[in-house]
Amino acid sequence: MTDPTSATPADPRPDDHVIVLFGATGDLARRKLLPGLFHLTRAGLMPEHFRVVGSAPAADALSDEEFRAHARAAVDEFGRSEPRGEAWEAFEAALSFGSADPDDPQPLLAAVEAAEQELGGGPRRLFHLAVPPVAFASVVRLLGDTQLAEHARVIVEKPFGTDLPSAQELNATIHAVFDESKIFRIDHFLGKESVDNILALRFANGLFEPVWNRQHISHVQIDVPEQIGIEGRSRFFEGTGTFRDMIVTHLFQLMGFVAMEPPAALEAHALRDEKERVFQSLRPLDPAQVVRGQYTGYRDEPGVDPHSDTETFAALRVELDNWRWAGVPFFLRSGKSLAQGRHVVTLGFREPVLRMFPVDAHHAVGLRSNQLVIDFADPGGVTSRFLTKEPGPLMRLEEAEMVFRYAGCYNERHALEGYERLILDAMLGDQSLFTRSDGIENLWAAATPLLEQPPPVEPYAPGSWGPDRIGQLIAPYRWSLPDRH
Numbered sequence: 001m002t003d004p005t006s007a008t009p010a011d012p013r014p015d016d017h018v019i020v021l022f023g024a025t026g027d028l029a030r031r032k033l034l035p036g037l038f039h040l041t042r043a044g045l046m047p048e049h050f051r052v053v054g055s056a057p058a059a060d061a062l063s064d065e066e067f068r069a070h071a072r073a074a075v076d077e078f079g080r081s082e083p084r085g086e087a088w089e090a091f092e093a094a095l096s097f098g099s100a101d102p103d104d105p106q107p108l109l110a111a112v113e114a115a116e117q118e119l120g121g122g123p124r125r126l127f128h129l130a131v132p133p134v135a136f137a138s139v140v141r142l143l144g145d146t147q148l149a150e151h152a153r154v155i156v157e158k159p160f161g162t163d164l165p166s167a168q169e170l171n172a173t174i175h176a177v178f179d180e181s182k183i184f185r186i187d188h189f190l191g192k193e194s195v196d197n198i199l200a201l202r203f204a205n206g207l208f209e210p211v212w213n214r215q216h217i218s219h220v221q222i223d224v225p226e227q228i229g230i231e232g233r234s235r236f237f238e239g240t241g242t243f244r245d246m247i248v249t250h251l252f253q254l255m256g257f258v259a260m261e262p263p264a265a266l267e268a269h270a271l272r273d274e275k276e277r278v279f280q281s282l283r284p285l286d287p288a289q290v291v292r293g294q295y296t297g298y299r300d301e302p303g304v305d306p307h308s309d310t311e312t313f314a315a316l317r318v319e320l321d322n323w324r325w326a327g328v329p330f331f332l333r334s335g336k337s338l339a340q341g342r343h344v345v346t347l348g349f350r351e352p353v354l355r356m357f358p359v360d361a362h363h364a365v366g367l368r369s370n371q372l373v374i375d376f377a378d379p380g381g382v383t384s385r386f387l388t389k390e391p392g393p394l395m396r397l398e399e400a401e402m403v404f405r406y407a408g409c410y411n412e413r414h415a416l417e418g419y420e421r422l423i424l425d426a427m428l429g430d431q432s433l434f435t436r437s438d439g440i441e442n443l444w445a446a447a448t449p450l451l452e453q454p455p456p457v458e459p460y461a462p463g464s465w466g467p468d469r470i471g472q473l474i475a476p477y478r479w480s481l482p483d484r485h
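Going by the UniProt record's numbering, the residue at position 170 of the sequence shown is 170; the numbering climbs one at a time, nothing skipped.
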């Protein structure tokens with residue numbers, strides 16, 4: 001019987017690969033990478049022949065059998081399919097482990113060599129750096145010193161620096177070993193189906209592209225609140241904060257796709273060129289147009305400085321200095337311990353003249369109408385909000401919605417999660433959804449005024465929507481979330 005998740009003849013399939021997971025014993029590999037690689041295997045989207053080599057410092061080294069047991073537990077807990085049957089047996093057989101320290105890379109070299117000999121025929125190499133940012137440079141240098149980097153590609157996890165100088169230094173370190181065409185800076189948000197759906201919605205429909213500009217759109221919101229707190233990650237979060245962790249690496253990237261000009265073709269070079277032009281047009285951030293918040297109780301978290309000024313919430317108004325978006329504010333918001341966990345982009349359309357309607361009809365004006373809402377939650381959807389006449393003898397306006405949801409519209413078992421889609425793209429060499437070095441540096445350059453003079457954090461209650469002042473920040477508009485009053 002055919003696996004319902006198996007690839008169709010039109011699905012792309014990469015060349016044979018040896019994939020090396022640095023940080024294979026860490027949380028990211030356990031929650032996302034190992035389950036994702038198994039799902040790609042079960043869907044028939046992995047190379048016909050492949051090997052996955054896990055790696056970690058010698059202090060965390062595993063045997064091949066221990067790594068297979070670790071992978072089985074990860075897939076069992078976080079995977080969408082149980083680690084059973086022929087697909088699991090094939091995946092498990094492809095796993096091996098090789099530890100690596102800067103002064104002793106030999107176990108990794110031996111594991112990669114053994115994997116390549118098993119495959120034969122000169123397979124491609126793909127390295128995934130699922131390690132803390134402080135380890136990026138040493139891992140990249142190890143790959144260069146051992147010649148493992150030759151003819152290979154590398155996936156680099158966020159954050160891509162913490163300011164302009166650190167981003168430039170990181171880029172220089174990676175470029176000393178890898179050409180830009182071989183570097184895949186991964187942001188799992190951009191692997192969501194809804195990112196591609198922005199491109200389809202805009203450029204495949206004459207209904208939307210003609211009005212996707214400053215003449216018709218009054219403002220844009222990109223809202224990614226999170227219900228969870230810092231989840232025991234105080235060491236990471238204290239050195240990063242929400243602006244660096246979420247705004248620069250996620251929300252600005254989404255803004256690039258929302259705001260880009262039509263590319264000449266839906267291919268990597270053209271798409272990345274247009275997205276980077278958006279980042280070039282980003283005006284330097286004004287600290288007066290930023291609200292930094294910290295949820296009550298954050299300073300009591302284990303490992304947090306009792307006088308910490310780290311923000312767990314950030315909301316900001318930004319502007320793009322180009323023809324399409326001049327004068328249109330973009331409002332970005334993200335934070336921890338908020339009322340809901342959502343991934344939403346809202347385009348607010350300019351209100352038409354309503355004086356033709358009787359005064360009594362205006363009771364609905366000011367509701368969340370004249371909006372197009374793109375929901376990035378898996379599987380996501382698109383909602384159009386508009387005003388209609390309320391049934392009855394009087395002309396009274398009422399809000400209505402038209403909703404498209406991925407759920408139930410397609411066979412969702414064919415859908416890939418963000419990491420799965422992006423790992424597949426990296427194996428195929430498709431950089432469309434990955435960020436270039438100049439784009440990252442442009443974003444950090446625009447952020448410099450805020451990083452140099454951050455406003456003080458303002459308290460907010462866990463379970464709220466953030467500090468009270470966010471209403472003043474977005475005035476005269478209102479936040480799309482919460483969905484209802």
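Virtual Cβ for every residue (Gly too), placed ideally from N, Cα, C.
Residue i vs residue j beta-carbon contact at 9 Å
i           : j           : result
residue 97  : residue 154 : no
residue 167 : residue 160 : yes
residue 226 : residue 336 : yes
residue 427 : residue 14  : yes
residue 125 : residue 49  : no
residue 197 : residue 373 : no
residue 344 : residue 453 : no
residue 261 : residue 379 : no
residue 437 : residue 128 : no
residue 339 : residue 463 : yes
residue 214 : residue 326 : yes
Presumed contact (8 Å Cβ cut-off) between residue i and residue j, rounded CB distance
i           : j           : result
residue 156 : residue 186 : 7 Å
residue 254 : residue 189 : 6 Å
residue 20  : residue 112 : 7 Å
residue 234 : residue 302 : 6 Å
residue 137 : residue 162 : That belief does not hold up - the Cβ atoms of residue 137 and residue 162 are roughly 14 Å apart, past 8 Å.
residue 123 : residue 116 : 6 Å
residue 149 : residue 99  : Not a contact, Cβ separation roughly 18 Å.
Residue range of the alpha helix (DSSP H) that includes residue i
i           : result
residue 474 : 470-474
residue 78  : 64-78
residue 273 : 268-280
residue 202 : 193-203
residue 255 : 252-259
Same chain only: Cβ atoms within 8 Å of residue i, ignoring 5 sequence neighbours per side
i           : result
residue 218 : 328, 348, 349, 350, 351, 477
residue 432 : 266, 267, 268, 271, 272, 425
residue 449 : 284, 285, 286, 287
Among the options, nearest to residue i - alpha-carbon criterion
i           : options            : result
residue 241 : 283, 260, 304, 199 : 304
residue 22  : 233, 402, 142, 47  : 142
residue 51  : 202, 407, 93, 260  : 93
residue 486 : 324, 235, 319, 105 : The structure shown does not extend to residue 486, since the chain is modelled only from 1 to 485, so the question has no answer here.
residue 397 : 158, 404, 370, 375 : 370
residue 88  : 69, 100, 106       : 69
residue 139 : 120, 121, 108, 122 : 108
residue 445 : 326, 285, 246      : 285
residue 279 : 258, 268, 288, 264 : 258
residue 230 : 294, 171, 221, 192 : 294
residue 312 : 373, 16, 320, 460  : 460
residue 238 : 199, 306, 252, 250 : 306
residue 429 : 180, 297, 251      : 180
residue 473 : 443, 385, 330, 456 : 330
residue 480 : 353, 375, 289      : 375
residue 277 : 252, 297, 290, 291 : 252
Neighbourhood of residue i by C-beta distance below 7 Å, restricted to the same chain and skipping five residues each side
i           : result
residue 34  : 71, 74, 75
residue 492 : Because the chain here runs from 1 to 485, residue 492 falls outside it and cannot be looked at.
residue 364 : The pLDDT assigned to residue 364 is 48, lower than 50, so where the model puts this residue is not dependable, and the model offers no usable value.
residue 130 : 21, 22, 23, 26, 28, 29, 33, 157
residue 208 : 201, 202
residue 36  : 417, 419, 420, 423
residue 1   : Because residue 1 carries a pLDDT of 35, less than 50, the predicted location of this residue cannot be relied on, and the following value inherits that uncertainty. Cβ neighbours of residue 1 beyond the five flanking positions: none.
Host beta strand (DSSP E) of residue i (start-end)
i           : result
residue 423 : Where residue 423 is concerned, there is no enclosing beta strand (DSSP E), although the alpha helix (DSSP H) it sits in stretches over 418-428.
residue 52  : 50-55
residue 448 : No beta strand (DSSP E) holds residue 448; the alpha helix (DSSP H) holding it covers 437-452.
Beta-carbon contacts of residue i that lie in its chain and below 6 Å, excluding the five residues immediately before and after
i           : result
residue 91  : 38, 41
residue 212 : 202
residue 246 : 334
residue 404 : 381, 382
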